[in-house]
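Accompanying notes for the structure given below.
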Amino acid sequence: MEAATMAAKDLSSSWATTSRHLIASKSHLPSPLPNGALDALHQMDEFLNHNELGLALEEAEFLGDLCHSPPAFWAELQLAAENMGLSEAASRFEARK
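Using our numbering, read the sequence shown as starting at 17 and increasing by one per residue.
And the structure:
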């Protein structure tokens, strides 16, 4: 297999892993959502739909703050950030658990 093809598969796999963690984080949000959170959730989904994972992570963090999300939410964000190589964000999320 050509190196470029392998790199593309690795990148695609990494994106899928990050997306799974971001999507999983939403299952830990409270129901019903507080005021303003639905717009943030829609924006996060829009970013995910366009594979804008960094922006989706930022929106998820905003959403988590808005919803006073539980440790499991922050754990998923930490895993997403670690997968993206965002050590500063991962540390920030780890502190929230």
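Backbone N, C-alpha and C fix where the C-beta goes; we use that ideal spot for every residue, glycine too.
CA-to-CA distance, residue j to residue i, given in whole angstroms
i: K113; j: A91; result: 6 Å
i: A97; j: A105; result: 6 Å
i: L54; j: S30; result: 27 Å
i: N67; j: L102; result: 17 Å
i: E62; j: S47; result: 20 Å
i: A40; j: A111; result: 19 Å
i: E74; j: H58; result: 13 Å
For residue i, the three-state DSSP class (helix, strand or coil)
i: L49; result: coil
i: N67; result: coil
i: L27; result: helix
i: E104; result: helix
i: S35; result: helix
i: P87; result: helix
C-beta atoms of residue i and residue j nearer than 8 Å
i: A72; j: L64; result: yes
i: L38; j: A88; result: no
i: L45; j: S85; result: yes
i: F78; j: L93; result: no
i: T34; j: N99; result: yes
Cβ neighbour criterion (16 or more within 10 Å) applied to residue i
i: A56; result: buried
i: L27; result: exposed
i: G52; result: exposed
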